[in-house]
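Student: Just so you know, the sequences run in chain order C and L. Going by this note's numbering, the first sequence opens with residue 1, and the numbers climb by one from there. Going by this note's numbering, the second sequence opens with residue 246, and the numbers climb by one from there. Using N, Cα and C, we set each Cβ at its ideal position, and we do this for glycine too. To start, I am sharing the structure in question, which I have written as structure tokens.
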Amino acid sequence: MTIDTQTLSRTLADKAGARLEMWLSICSRCGMCAEGCHYYASNPRPEHVPAFRVKPLVDLYKKRGQVDATVLETLRDVCYGTCTMCQRCTMYCPHGIGIAALVHAARGVAVAMGLTPPGLAKGLENALEFGNNLGVTEDDFLETVEWQLEELQEEMPFARAPMDKEGAEFLLTFHPRDIKFYPQNLFNYLKLYNAAGIDFTMSSKAWDSTNLGLFAGDVAKASRLAANVADTAERLKVKALITAE
Amino acid sequence: MIHVVYNFAVGPMVWLAFTICITGLAYRLIRYRRKAVAAKKGLPGDFRTTWAVRSMLYYLLPLNRTAKSSPWSTVAGFALHIPLLVVAFFLSAHVIMLEQSWGVAWPTIPDVWADVLTIIALAALGFLALKRLLHPALRGLTEPKDLLVLLLVALPLLTGLAAHRQWGDYPLMLTLHVLSANILLMLIPFTKLSHMALFFVSRAATGSDFGKRQVGAW
Ligand code: HEM
Ligand code: SF4
Ligand code: SF4
């Protein structure tokens, strides 16, 4: 792979915010963050100490982007493959260093260099095109909701599933997996919210609670996906948004 | 010869060392502030001061998780820092030098205390170094410069103790003490030792973030 050095230096400069600079320079490599990480808990290798995740990034800055492809590939493997950005390690770090934020920046570098892992890139493409990362069409979504509502009404005749209703209190969003593969979960959600008697609505266009842009480290796409849901919530004048696992 | 070096080390070099240390740290703080302000431009202010302060206090008291999850390293950290700062500021020999050149002075600690504190700090440094060399995961994380930093911090302590206890050649030890302390001061802004100032910034930034999510100080 050839490296577009211009893009790389621009991205590195872009990501070098106040916190990134501070954290990369004060991390003492003391390893206390390890106690918080589930990767380390299951397999205590040096590579699983949270501070290890930022080594490729430190390397990139130190060499001002003058690196060969292996460094970028290591960065991609480490930052996508050994961290879920859960932030637990931050609570165990004496300095409160945000490893997850640094991993996010490193992923941003990978994205800019065209190194997004293929499965993730596909999901992201889906999310931008269909509004959800599994590529469920609007018709399929509406049909699934209708189907589950009908089943629910057999045991709960008063159950409702309002769609695009203005002025409700809550806007519900779901993990696309629950719509496409586990509609029983949708059934359970609807049952729960109807039983609770809350005033909710769903949106036919913005119902994906995940944000693969954020996960991938692609800030521009993450903002577009977040705006899709946030704008809908504002247009429907709901008071709060409920996100699912 | 040694007197020439000594006179330089306690004279112009001390000035240089303090100037570099203080302006260097000030520069790092100002740079942080400038970048942070630029990134926040146009956004509503959302800094949570109470949470930021609580975050620092939690670490310093120490009530945080690290104290429970890594008790030995936490003890070593405090056993290093408290003596380091107490001896640096309250050793009678240091205060006397300050009084001679600036005419300001404050209470001092008995010299025996200083010796004991210095030995505690050195033991803590020894522990941190050994942990880096022996703990399998930490060894993989450690870089040579991490051990060098521990050595650089140990040198002024060791030579200071030796000078006071009259181990070895007194003028030589004293000269080495002042030289190594000056070098340490000059390196603070350019190494991870800049945490001396940035610890508070980092802890505040993260504490404020945690506050926004109401997840508690930690
Ligand atoms: C007011 C100032 C300071 C604060 C709040 C502070 C805070 C900390 C914290 C939270 C750690 C990490 C945990 C630990 O090992 O305890 C640390 C480590 C350390 N600090 Fe400081 N520090 C300060 C000043 C200094 C100074 C002046 C020096 C030396 C010149 C120093 C040398 C070190 C060393 C050598 C380590 C251990 C690095 C390692 O684990 O290898 N600190 N400090
Ligand atoms: S605990 Fe904090 S300072 Fe220590 S290695 Fe981990 S991130 Fe770095
Ligand atoms: S944010 Fe990453 S490194 Fe930190 S605890 Fe979670 S998975 Fe581990």
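Could you give the DSSP three-state label for M163(C): helix, strand or coil?
Tutor: strand
Student: Mind pulling the chain L residues with CB within less than 7 Å of H95(C)?
Tutor: H440, F444, S447, R448
Student: Suppose the cutoff is 6 Å on Cβ atoms and the five residues either side in sequence are ignored; what does the same chain contact list for D199(C) look like?
Tutor: A168, E169
Student: Are there three or more Cβ pairs, one per stretch, closer than 8 Å when the stretch 123–132 of chain C is compared with the stretch 81–91 of chain C?
Tutor: no
Student: Taking Cβ-Cβ distances shorter than 7 Å, what residues in chain C pair up with D391(L)?
Tutor: R29
Student: First and last residue of the beta strand (DSSP E) that includes I242(C)?
Tutor: 240–242
Student: Residues of chain L with a CB under 7 Å from the CB of M22(C): which are they?
Tutor: Y277, L443, V446, S447
Student: Along chain L, which residues have their Cβ under 8 Å away from the Cβ of A51(C)?
Tutor: L386
Student: Using only the heavy atoms of ligand 2, determine whether one of them is closer than 8 Å to the beta carbon of A34(C).
Tutor: Result yes, Cβ under 8 Å from ligand 2.
Student: Compare the C-alpha of P157(C) against each of G135(C), T144(C), F141(C), L190(C) and name the closest.
Tutor: L190(C)
Student: Give a single yes or no on whether H95(C) has its beta carbon closer than 8 Å to a heavy atom of ligand 3.
Tutor: no
Student: Heavy atom of ligand 1 less than 8 Å from the Cβ of T295(L), yes or no?
Tutor: no
Student: Considering just the uninterrupted stretch of the beta strand (DSSP E) at V171(C), what are its terminal residues?
Tutor: In the sequence on display, residue 171(C) carries Leu and not Val. Per DSSP, L171(C) belongs to the beta strand (DSSP E) from 170–172.
Student: Across the stretch 56–64 of chain C and the stretch 384–402 of chain L, are there enough close Cβ pairs to call them in contact, namely three or more that are closer than 8 Å?
Tutor: No, the stretch 56–64 of chain C is not in contact with the stretch 384–402 of chain L.
Student: Please confirm whether any heavy atom of ligand 1 lies closer than 8 Å to the CB of Y277(L).
Tutor: no
Student: CB-CB under 6 Å to E132(C), same chain, minus the five flanking residues each way: which ones, in chain order?
Tutor: Residue 132(C) is actually Asn in this sequence, not Glu. Answer for N132(C): P176, D208, listed in chain order.
Student: What whole-angstrom Cβ distance do G269(L) and I433(L) have, given they're in contact under 8 Å?
Tutor: 7 Å
Student: Starting from the beta carbon of L383(L), find every residue of chain C whose beta carbon is closer than 9 Å, and list them in chain order.
Tutor: Within chain C, R29, C30, G31, A34, P46, V49 have C-beta atoms less than 9 Å from the C-beta of L383(L), given in sequence order.
Student: Report yes if the C-beta of V225(L) is less than 8 Å from at least one heavy atom of ligand 2; otherwise report no.
Tutor: Within the shown structure, residues of chain L are numbered from 246 to 463, placing residue 225(L) beyond reach of any answer.
Student: Three-state secondary structure (DSSP) at L288(L)?
Tutor: The answer is coil: DSSP assigns L288(L) none of H, G, I, E or B.
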